[in-house]
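Chains as they are written, first to last, in this note's numbering: chain A, 1 to 266; chain B, 1001 to 1374.
Right, dumping it as structure tokens:
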């Protein structure tokens, strides 16, 4: 196997819970266009994500990967086309936007933890104020998720006192505390020291094993191969290729894909 | 290959840091006589102290007439500060023309102020929420009733009779407590995506900032009644308070905007992606961080607001400075150092309040630092 896509964990992935629904549409993107000023970033994107899918979006920088997943929870606004998340269409209606955001978790490249709050407060803020969960219950759930990402002992610290890898695991736990149906990952390991990438990928894998619907923009091709059920390749704001990971890596169709893979898998 | 690299085979244990030079001589050499120019500055500084300190001491303490002294003592040649004058007029400086028999009313308000504000500002004091409700909602109502009277059998005291430190404190405390929230709303409004709100906020801020406070106070006291329906009057003190508050809010808005701009976009996005609404995002995530960044600027505004209250004499209010100015002409205390002592006293009072605010803000900055500046 080439170096860039070697397995991220040595163990076998537990695929028991990982099944893709045939009826439950999680995200439906139809003819989506987006412009930044005059720059056409997303051009006619069509993508249907079924419940339980684990999709990795790859592509060169500036290809619109991040913009696409940021459209899914309306951090970016699209100008043309339709976007449905769990059956709710995203429009400028603020109520619907909040409704979608409650069900869609997002993990950012730079973690974006709230530096003035402790880890525990970071985790419980949204459950308490958005979902109306009582504080004690929210804290209990938060502890459970912190244990799941293996840092329960950091609960009372501030984000600034944690390493990058720990912060990103907290960020994942923070999203999970809202019990999202879908998780979006926007280059979650790109800002990490190489030694810390693995601990974050481990958490993402265990999340996949629990059956979560995930869309990950990432350059971790090993993760794509081990976990994804589909790899999508974007260039110049368009989806130019998609396939199952094995096929994608062994028989890329498009010239641009071949070039990209040859660059990153040496 | 030449052997140029030294490879350590075992990790060195950490060693204690080298001891710093200590002792008086080392300290002197490091802080006062490190270089030739330092030495010159030190000598000049010492000379200045020797030149300035004795006369200052003589004026303030040595030759001064202590409280309780007589006006004759204040009239001898080369006399120092006439503290006897301050002591005998202190009631006017604190209460203005407030009727003497009713002094217990402002005194009660002062006592309540101290009792409520100390635990509010002291981080470890319990019952913060109750405390805040009492201070921001209950205290103002009780204070107005107590001070102006006219109900509950209290004699009515029109605001024209209020004066001195009482007025200075009323205007500055109301101004401080209201200008921050109004300033925050204006700053948020200025960043709003809704064009109407945005334009209104920008218009207000730019209009107020471009006009001197004196003009606003004049407008409030002379122009405002012209626009009001015949027969309605707005209290003079209230007009001054509103003028000062609006003026400070415009400045505050710009300080807060500076703080808002320092918050990375990721913080807004993280809040949004968790489903928090706009006001929740602002209240829990953005403002705590933004305000923390601009504490020095906010307190700067508070301090300048406190000192700006001395301008209300323009609309006929007798604040602390104006009260001092009035008594400086009092014949019964006419003496060479009467005015100087009066102004020195006023300056000291302003200094005590402003310096406390400054120290408290430094303290707060340290306390709120959660060490995210890695």
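Cβ atoms here follow ideal geometry from the backbone N, Cα and C, with glycine treated the same way.
All values derive from a computational prediction rather than experimental measurement.
Check each residue of the stretch 1281 to 1295 of chain B: if its Cβ is closer than 8 Å to any Cβ of chain A, include it; give the result in chain order.
The stretch 1281 to 1295 of chain B vs chain A, Cβ under 8 Å: 1284, 1285, 1288, 1289, 1292.
Checking the sheet assignment: what are the DSSP bridge partners for residue 241 of chain A?
Residue pairing of residue 241 of chain A in beta bridges, as defined by DSSP: A:233.
Exposed or buried, residue 1049 of chain B, counting other C-beta atoms within 10 Å across all chains shown (16 or more means buried)?
Result: exposed.
Using a beta-carbon distance below 8 Å, is residue 36 of chain A in contact with chain B?
Closer than 8 Å: no.
With distances taken between CB atoms, is the gap from residue 1263 of chain B to residue 1290 of chain B smaller than 8 Å?
Yes, they are a contact pair.
Considering only DSSP beta bridges, list what residue 89 of chain A is partnered with.
Answer is A:84.
For a test of the three-state rule: what should DSSP assign to residue 30 of chain A, helix, strand or coil?
Here DSSP, grouped into helix, strand and coil, assigns residue 30 of chain A to strand.
Among B:1131, B:1304, B:1294, which residue has its Cα nearest to the Cα of residue 1260 of chain B?
Per the Cα distances, B:1294.
Chain A partners of residue 1192 of chain B, CB-CB under 9 Å?
Within chain A, no residue comes near residue 1192 of chain B; the closest Cβ sits about 14 Å away, beyond 9 Å.
If you measure from the beta carbon of residue 1015 of chain B to each beta carbon in chain A, is any gap under 8 Å?
For residue 1015 of chain B, the answer is no, since every Cβ of chain A falls outside 8 Å of its Cβ.
Of all the residues that make up the stretch 1245 to 1266 of chain B, which are near chain A by a beta-carbon distance shorter than 7 Å?
Listed by position along the chain: 1266.
Is the beta carbon of residue 1341 of chain B within less than 7 Å of some heavy atom of the ligand ATP?
Judged by which ligands are present, the structure shown has none, so any question about the ligand ATP falls away.
Chain-ordered neighbours of residue 112 of chain A on chain B, where CB pairs are closer than 7 Å
Against residue 112 of chain A, the close residues of chain B are 1266, 1267, 1269, 1270, in the order they occur along the chain (beta-carbon pairs closer than 7 Å).
Can you give me the C-alpha to C-alpha distance between residue 2 of chain A and residue 52 of chain A, rounded to a whole angstrom?
Here the model assigns residue 2 of chain A a pLDDT of 40, short of 50, so the residue's position is not dependable and the matter cannot be decided.
Whole beta strand (DSSP E) runs in the stretch 148 to 196 of chain A with 3 or more residues, listed along the chain?
DSSP runs (the beta strand (DSSP E)) wholly in the stretch 148 to 196 of chain A: 182 to 186.
Tell me whether residue 1321 of chain B is buried or exposed, calling it buried when 16 or more other Cβ atoms sit within 10 Å of its Cβ.
The residue is buried, with at least 16 neighbouring Cβ atoms inside 10 Å.
Could you tell me whether the Cβ atoms of residue 1266 of chain B and residue 1281 of chain B are closer together than 8 Å?
The answer is no: Cβ separation not under 8 Å.
Nearest-angstrom Cα separation, counted from residue 1248 of chain B out to residue 1212 of chain B:
Their Cα atoms are separated by approximately 11 Å.
Do residue 201 of chain A and residue 287 of chain A come within 8 Å of each other at the CB atom, strictly closer than that value?
No answer is possible for residue 287 of chain A: it lies beyond the span of chain A, which begins at 1 and ends at 266.
By the 9 Å beta-carbon criterion, what residues does the stretch 61 to 77 of chain A contribute toward chain B?
Within the stretch 61 to 77 of chain A, contact with chain B at the beta-carbon level (separation under 9 Å) is assigned to 70, 73, 74, 75.
Can you give, in chain order, each stretch of the alpha helix (DSSP H) that sits fully within the stretch 1185 to 1232 of chain B and has at least 4 residues?
Listed in chain order, the complete alpha helix (DSSP H) runs (minimum 4 residues) inside the stretch 1185 to 1232 of chain B are 1195 to 1209, 1213 to 1218, 1224 to 1227.
Sequence ranges, alpha helix (DSSP H) only - wholly within the stretch 194 to 223 of chain A, length at least 4
Counting whole runs of 4 or more residues, the stretch 194 to 223 of chain A contains the alpha helix (DSSP H) stretches 194 to 209.
Rounded to a whole number of angstroms, what is the C-alpha to C-alpha distance between residue 45 of chain A and residue 238 of chain A?
Approximately 6 Å between the Cα atoms of the pair.
Return no unless some Cβ of chain B is closer than 8 Å to the Cβ of residue 130 of chain A.
Judged by the 8 Å Cβ criterion, residue 130 of chain A is in contact with chain B.
Where residue 118 of chain A and residue 170 of chain A are concerned, what is the direct C-alpha to C-alpha distance, given to the nearest angstrom?
Our two residues, residue 118 of chain A and residue 170 of chain A, have alpha carbons roughly 11 Å apart in a direct line.
Please determine, among B:1028, B:1126, B:1365, the residue with the shortest C-alpha to C-alpha distance to residue 1416 of chain B.
An answer regarding residue 1416 of chain B cannot be provided, because it is not within the stretch 1001 to 1374 covered by chain B.
In the DSSP assignment, what are the bridge partners of residue 49 of chain A?
Looking at the DSSP assignment, residue 49 of chain A forms a beta bridge with A:27.
Does the Cβ of residue 1337 of chain B have 16 or more other Cβ atoms within 10 Å, making it buried, or fewer, making it exposed?
The residue in question, residue 1337 of chain B, is buried, as its Cβ has 16 or more Cβ neighbours within 10 Å.
Ignore the nearest five residues each way along the sequence and tell me which others in residue 258 of chain A's own chain have a CB closer than 6 Å to its CB.
The residues are 252.
Report the residues of the stretch 233 to 251 of chain A with a CB closer than 8 Å to any CB of chain E, ordered along the chain.
Here the protein chains are A and B, and chain E is not one of them.
Where residue 1112 of chain B and residue 1334 of chain B are concerned, what is the direct C-alpha to C-alpha distance, given to the nearest angstrom?
Whole-angstrom Cα-Cα distance: 37 Å.
What would DSSP say about residue 1308 of chain B, mapped onto helix, strand or coil?
Secondary structure of residue 1308 of chain B (DSSP, three-state): helix.
Use the C-beta contact count for residue 167 of chain A: other C-beta atoms within 10 angstroms, 16 or more gives buried, fewer gives exposed.
Buried is the call here.
Are residue 1303 of chain B and residue 1357 of chain B close, meaning C-beta to C-beta below 8 Å?
Yes. Within cutoff.
What residues in its chain sit with their C-beta under 7 Å from that of residue 12 of chain A, if we drop five residues either side in the sequence?
Nothing listed; no residue qualifies.
For residue 1010 of chain B, which residues from the same chain have a beta carbon less than 7 Å from its beta carbon, with the 5 sequence-adjacent residues on both sides left out?
Cβ within range, chain order: n/a, list empty.
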